[in-house]
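So the structure is just underneath, and the comments pick up after that.
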Amino acid sequence: MDKSALDISFGVSGAEAGRGENDVTPQLWYDLILRRCGLAFRNAQLSGVMNVVREQAKARGFSIEVYYQMLSKPGEHASEWEALVERLINHETSFFRHPPSFDALQRHILPDLRDARLRGGKLNLWSAGCSTGQEAYSLAMVAMDDEALKGDFTVWGTDISRYAIEVARRGRYGRRAVASVRPEDQRFLRPLNAVTPEYDITDELRQRTRFMVANLVANDNFSVSYDVIFCHNVLIYFSPVAVTHAVAFLASRLALGGYLLLGPGEAPNERPLGLVPVTVNGVRAFQRRSARSTEVRA
Ligand SMILES: C[S@@+](CC[C@H](N)C(=O)[O-])C[C@H]1O[C@@H](n2cnc3c(N)ncnc32)[C@H](O)[C@@H]1O
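Position 111, counted from 1, in the sequence shown is what this note's numbering calls 131; the numbers after and before it change by one each time, with no gaps.
Pasting the structure below:
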């Protein structure tokens, strides 16, 4: 998303936000985006959102009213909806973006899970809202570093953005992006060639990752139970109701003994059902201590 477009305040007040542009008000667009993606824009951002909507409608040759009628029908015009949302979301990310979470994973969570692997089989880790893949690959690097785990894991990365998932699957990053990869994990990067300052994620790591387009608000079809779920810097853009909904969904996918780590300041108002708040290496997380009725291992 072009954040600058939204960060510019055009001084839209609540009243102005509800002012009609013919019959399709900014509030209607706000509600539509909130309902379908969980994203809640501030009043000051609404005129930026409307600029994007108007541009997109005009480029497609529709009035804003027709465009709204098209996009407000669930299941129809999916690619146009994706194109619009793509311009409204923030993909900012980096490798090892919140180091304390990865330290907690390395020092406490992985040893705990692998020792208690009562169910056997491999561990499943999930980067929910993985953007262009750096968080998922960081999880995979930490898991590969755990020698006792012997590479017996899969990292799943999901995001609402098809573009972001394509970049993640490609696994190719520039010099600035890979600068935050820890020295011990640089071995998972292969320089593309001698002249281009780009790096590919090695096959060894890539083989242990799966990326999929999925919407955290739509409860897209997930059958796997996850031992570790990272959901960082996603819920900050959601409304409180959408946060509660998304966290309940994440909790419902957590395996017995599994950990859910949200980003700093992203705690839900209510404790997710069935999860216990824990502090791991100074990082606040949630753990499932009682079994769900059904669990599917990948
Ligand atoms: C700021 S990035 C955070 C990426 C990564 N988790 C991190 O912490 O670096 C937020 C990501 O959440 C994704 N996102 C926003 N709404 C979503 C939704 N409803 N379902 C799934 N992903 C969503 C966006 O597409 C974006 O890639």
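From the three backbone atoms N, C-alpha and C, an ideal C-beta is built for every residue, glycine too.
Rounded to the nearest angstrom, what separates residue 293 and residue 311 at their Cα positions?
Numbered from 1 along the sequence shown, position 273 holds the residue referred to as residue 293. Numbered from 1 along the sequence shown, position 291 holds the residue referred to as residue 311. Each residue's alpha carbon lies about 12 Å from the other.
State buried or exposed for residue 289, treating a residue as buried only when at least 16 other CB atoms are found within 10 Å of its CB.
The sequence position of residue 289 within the sequence shown is 269, counting from 1. Exposed, since its Cβ has fewer than 16 Cβ neighbours within 10 Å.
Report the partner residues of residue 272 according to the DSSP bridge assignment.
By one-based count along the sequence shown, residue 272 stands at place 252. For residue 272, which the question treats as bridged, DSSP gives no partner whatsoever.
Write down the C-beta distance between residue 153 and residue 177 rounded to the nearest angstrom, noting that I regard them as a contact closer than 8 Å.
As a first step, residue 153 is located in the sequence shown; it is residue number 133 there, counting from the start. As a first step, residue 177 is located in the sequence shown; it is residue number 157 there, counting from the start. Residue 153 to residue 177, Cβ: 6 Å. Contact.
Of all the options 284, 285, 301, 273, which has the alpha carbon lying nearest to the alpha carbon of residue 295?
Taking the sequence shown and counting its residues from 1, the one referred to as residue 295 is at position 275. For the residues 284, 285, 301, 273, the minimum Cα distance to residue 295 belongs to 273.
Alpha carbon to alpha carbon, what distance is there between residue 102 and residue 233?
Here residue 233 refers to the residue found at position 213 of the sequence shown. Here residue 102 refers to the residue found at position 82 of the sequence shown. If I take the Cα positions, the gap works out to 11 Å.
Within 10 Å of its beta-carbon, does residue 216 have 16 or more other beta-carbons around it, so buried, or fewer, so exposed?
Residue 216 sits at position 196 when you count from the first residue of the sequence shown. Exposed is the call here.
Along the beta strand (DSSP E) that carries residue 297, what are the first and last residues, could you check?
Position 277 of the sequence shown, counted from the start, is the residue given in the question as residue 297. Residue 297 -> beta strand (DSSP E) spans 295 to 300.
Starting from the Cα of residue 49, find the closest Cα among 78, 269, 248, 84 and give me that residue.
Locating residue 49 in the sequence shown gives position 29, where the first residue counts as 1. For the set 78, 269, 248, 84, the Cα lying nearest the Cα of residue 49 is the one of 84.
Are residue 269 and residue 239 close, meaning C-beta to C-beta below 7 Å?
As a working mapping, residue 269 is identified with position 249 in the sequence shown. As a working mapping, residue 239 is identified with position 219 in the sequence shown. Result yes, Cβ atoms of residue 269 and residue 239 sit closer than 7 Å.
If you run the structure through DSSP and keep just helix, strand and coil, what is residue 121?
On the sequence shown, position 101 is the one that residue 121 refers to. Correct three-state label for residue 121: helix.
For ligand 1, any of its heavy atoms closer than 6 Å to the Cβ of residue 113?
Walking along the sequence shown from the start, residue 113 turns up at place 93. For ligand 1, at least one heavy atom lies less than 6 Å from the Cβ of residue 113.
With DSSP as the reference, label residue 231 as helix, strand or coil.
Sequence index remark: in the sequence shown, residue 231 carries index 211 (1-based). Strand.
Below 8 Å on the Cβ atoms is my guess for residue 52 versus residue 92; work out the distance and round it to an integer in Å.
Against the sequence shown, residue 52 aligns to sequence position 32. Against the sequence shown, residue 92 aligns to sequence position 72. Right, their Cβ atoms sit about 6 Å apart.
Is it the case that the CB of residue 185 approaches a heavy atom of ligand 1 more closely than 6 Å?
Taking the sequence shown and counting its residues from 1, the one referred to as residue 185 is at position 165. Result no, Cβ not under 6 Å from ligand 1.
With 16 as the cutoff for other CB atoms within 10 Å, does residue 167 come out buried or exposed?
For this step, residue 167 is matched to residue 147 along the sequence shown. Counting C-beta atoms within 10 angstroms of its own C-beta, residue 167 has fewer than 16 neighbours from the protein chains shown and is therefore classed as exposed.
In chain order, what residues of the same chain lie with their CB nearer than 7 Å to the CB of residue 113, ignoring the 5 residues before and after it?
Sequence index remark: in the sequence shown, residue 113 carries index 93 (1-based). So the qualifying residues of the chain are 151, 152, 154, 155.
Can you say whether residue 121 is buried or exposed, counting buried as having 16 or more other CB atoms within 10 angstroms of its CB?
As a working note, residue 121 is residue 101 in the sequence shown. Under this definition residue 121 is a buried residue.
With a threshold of 7 Å on Cβ separation, who are the neighbours of residue 264 within its own chain once the five nearest residues in sequence on each side are excluded?
Residue numbering aside, residue 264 sits at position 244 when the sequence shown is read from its first letter. 288, 289, 290, listed in sequence order.
Using the Cβ count rule (16 or more neighbours within 10 Å means buried), how would you classify residue 179?
Position 159 of the sequence shown, counting from 1, holds the residue named residue 179. Under this definition residue 179 is a buried residue.
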